[in-house]
Ligand SMILES: NC(=O)c1ccc[n+]([C@@H]2O[C@H](COP(=O)([O-])OP(=O)(O)OC[C@H]3O[C@@H](n4cnc5c(N)ncnc54)[C@H](OP(=O)(O)O)[C@@H]3O)[C@@H](O)[C@H]2O)c1
């Protein structure tokens, strides 16, 4: 089977550009013993992929120039030469950024029976939803009734963080980059308060909206957001360091928060995490989240681009706030 795919042409310098990517033709051949041939339905673009475009050691190895990028995707088996898969099975794999592939069945996960549209398994019921779930409940050690602030609140992870916190009876504040997103958070997703971080000072908004202080800050953004949240933490508060998207396109390191010493007197916990650290909770996460999504207790949002040639624009859009909810590319 012929397919199109996206390769990295050059390593982005600062904000990625469409020219950093190249659409190429690839072949997804007949599967050999132990392999499956898969047609992808949806692929994910994620902020962490920006880090993999830099040639440096990290928790995942860097992408190589000229090679097809990889990342989360959902597809359907076209032909199987593996006893574990049959034609039509929905599968989740890391062979994204391509319309189709033929690979060893090892490491490819059957989704089994799905109870929501397949693309939800890249969003709320997939990696971003699991990040929200473990980051808030395990890393943030959320307790019922606490006050929670989440940045990047209208995105894939943040929109789920806020809604889980509401299910736990918490007071939830979110920040996002536009008035439309702020309205979505308070009018549709049930956040108690939200503010546009491009309009006024972050610290000013937090002081006004959380006069009693914050118990948990779920940090998707870093930089000024982190510094302002530290100023507003209550004693023994917890900060889940999930991401720092404000810094991902920096070309030189920026100074850290200048108020970290406040964590000493307040007894704060600042804890970084990667979702994979909590793989042992994947089963519980899936059943809880499928229940919350299918019962309407958690509302999911997607921004969809269509066609493999749109994948670079969708990825770049993550750094411009072009998405509400999960950014997806459908084929
Ligand atoms: N630790 C983990 O295992 C893990 C797993 C998944 C994701 N993450 C991290 O979680 C964060 C959210 O990821 P996601 O997949 O849910 O992405 P997302 O929030 O769906 O998309 C990115 C959003 O970030 C916001 N943004 C972009 N540049 C910004 C800036 N300079 N300052 C403030 N906000 C900015 C934009 O929204 P606005 O319009 O609101 O600016 C954009 O829509 C990222 O930092 C990501 O790296 C971590």
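Numbering (my numbering), first residue to last: 9 to 339.
Even glycine gets a Cβ: it sits at the ideal position worked out from N, Cα and C.
With DSSP as the reference, please indicate the residues paired to residue 171 in a beta bridge.
Here residue 171 refers to the residue found at position 163 when the chain shown is read from its first residue. Beta-bridge pairing links residue 171 to no other residue.
What would DSSP say about residue 25, mapped onto helix, strand or coil?
Against the chain shown, residue 25 aligns to sequence position 17. Secondary structure at residue 25: coil, using DSSP grouped into helix, strand and coil.
Under the rule that 16 or more other beta-carbon atoms within 10 Å means buried, what is residue 188, buried or exposed?
The residue given as residue 188 occupies position 180 in the chain shown. Burial call: exposed.
For the beta strand (DSSP E) that residue 2 lies in, which residues bound it at each end?
No statement about residue 2 is possible, as the shown extent of the chain runs from 9 to 339 and does not include it.
How many Å lie between residue 45 and residue 153 at the Cα?
The residue labelled residue 45 in the question sits at position 37 within the chain shown. The residue labelled residue 153 in the question sits at position 145 within the chain shown. Their backbone Cα atoms lie some 48 angstroms apart in a straight line.
Please classify residue 183 as buried or exposed, where buried requires at least 16 other C-beta atoms within 10 Å of its C-beta.
Position 175 of the chain shown, counted from the start, is the residue given in the question as residue 183. Here residue 183 is buried, its C-beta having at least 16 other C-beta atoms within 10 Å.
Rounded to the nearest angstrom, what separates residue 211 and residue 257 at their Cα positions?
Position 203 of the chain shown, counted from the start, is the residue given in the question as residue 211. Position 249 of the chain shown, counted from the start, is the residue given in the question as residue 257. One C-alpha to the other measures close to 23 angstroms.
Considering Cα atoms alone, identify which of 252, 260 and 223 is closest to residue 243.
Along the chain shown, one-based indexing puts residue 243 at 235. The shortest C-alpha separation from residue 243 is found at 223.
Taking residue 334 as part of the beta strand (DSSP E), name the residues at either end of that continuous run.
The residue you call residue 334 lines up with position 326 of the chain shown. Membership of residue 334 in the beta strand (DSSP E) is indicated by the continuous run 334–338.
Length of the line joining the Cα atoms of residue 117 and residue 230:
By one-based count along the chain shown, residue 117 stands at place 109. By one-based count along the chain shown, residue 230 stands at place 222. Taking the CA atoms as reference points, residue 117 sits about 32 angstroms from residue 230.
By the DSSP assignment, the beta strand (DSSP E) with residue 46 in it spans what residues?
What you label residue 46 is simply residue 38 of the chain shown in a count that begins at 1. 43–52 is the span of the beta strand (DSSP E), which, as asked, contains residue 46.
Should residue 250 be listed as close to ligand 1, given that the test is whether its C-beta is under 6 angstroms from any heavy atom?
Taking the first residue of the chain shown as position 1, residue 250 is located at position 242. Yes, the Cβ of residue 250 comes within 6 angstroms of a heavy atom of ligand 1.
State buried or exposed for residue 127, treating a residue as buried only when at least 16 other CB atoms are found within 10 Å of its CB.
As a working note, residue 127 is residue 119 in the chain shown. Under this definition residue 127 is a buried residue.
Between residue 266 and ligand 1, is there a pair consisting of the residue's CB and a ligand heavy atom that are separated by less than 6 angstroms?
The residue given as residue 266 occupies position 258 in the chain shown. Distance from the C-beta of residue 266 to the nearest heavy atom of ligand 1 is not below 6 angstroms.
Please give the ranges of any alpha helix (DSSP H) in the segment 202–237, keeping only runs that are unbroken, at least 4 residues long and fully inside the region.
You should have 210–217.
Span of the beta strand (DSSP E) holding residue 11?
Here residue 11 refers to the residue found at position 3 of the chain shown. Going by DSSP, residue 11 is part of the beta strand (DSSP E) stretching over 10–16.
Please classify residue 206 as buried or exposed, where buried requires at least 16 neighbouring CB atoms within 10 angstroms.
Reading the chain shown from its first residue, position 198 is the one you call residue 206. Exposed, because fewer than 16 other Cβ atoms sit within 10 Å of the Cβ of residue 206.
Touch check for the segment 96–104 and the segment 16–28: three-plus C-beta pairs under 8 angstroms?
In this structure the segment 96–104 does not lie against the segment 16–28, because fewer than three pairs of beta carbons, one per stretch, are closer than 8 angstroms.
Among residues of its own chain, excluding the 5 on either side of residue 279, which ones have a beta-carbon nearer than 6 angstroms to its beta-carbon?
On the chain shown, position 271 is the one that residue 279 refers to. Exclusion of the five residues before and after residue 279 leaves 147 as the residues of its chain whose Cβ lies within less than 6 angstroms of its Cβ.
Please report the residue range of the beta strand (DSSP E) in which residue 101 lies.
As a working note, residue 101 is residue 93 in the chain shown. For residue 101, the enclosing beta strand (DSSP E) has its first and last residue at 98–101.
Contact between the segment 104–115 and the segment 45–62 (3+ Cβ pairs under 8 angstroms):
Verdict: yes, contact present.
Can residue 170 and residue 228 be called in contact, C-beta distance under 7 angstroms?
Translated into positions along the chain shown, residue 170 becomes position 162. Translated into positions along the chain shown, residue 228 becomes position 220. Result no, Cβ atoms of residue 170 and residue 228 do not sit closer than 7 angstroms.
Rounded distance between the beta-carbons of residue 137 and residue 297, thought under 8 angstroms:
Taking the first residue of the chain shown as 1, we reach residue 297 at position 289. Taking the first residue of the chain shown as 1, we reach residue 137 at position 129. Beta-carbon to beta-carbon, residue 297 and residue 137 are separated by about 5 angstroms, close enough to satisfy the 8 angstroms threshold.
Give the DSSP-derived three-state secondary structure of residue 295 in the structure shown.
Walking along the chain shown from the start, residue 295 turns up at place 287. Assigned with DSSP and collapsed to three states, residue 295 falls in helix.
So, at 8 angstroms on beta carbons, what are the nonlocal neighbours of residue 5 in its own chain, with the 5 sequence-adjacent residues on each side left out?
The requested residue 5 is not part of the displayed model; the chain covers only 9 to 339.
What do you reckon, are the CB atoms on residue 140 and residue 246 nearer than 7 angstroms?
Along the chain shown, one-based indexing puts residue 140 at 132. Along the chain shown, one-based indexing puts residue 246 at 238. No, they are not a contact pair.
List the endpoints of the continuous beta strand (DSSP E) containing residue 184.
Indexing the chain shown from 1 puts residue 184 at position 176. Its beta strand (DSSP E) spans residues 179–184.
Of all the options 160, 316, 221 and 241, which has the alpha carbon lying nearest to the alpha carbon of residue 15?
In the chain shown, residue 15 corresponds to position 7, counting from 1. Ranked by how close their Cα comes to the Cα of residue 15, the residues 160, 316, 221 and 241 have 316 in first place.
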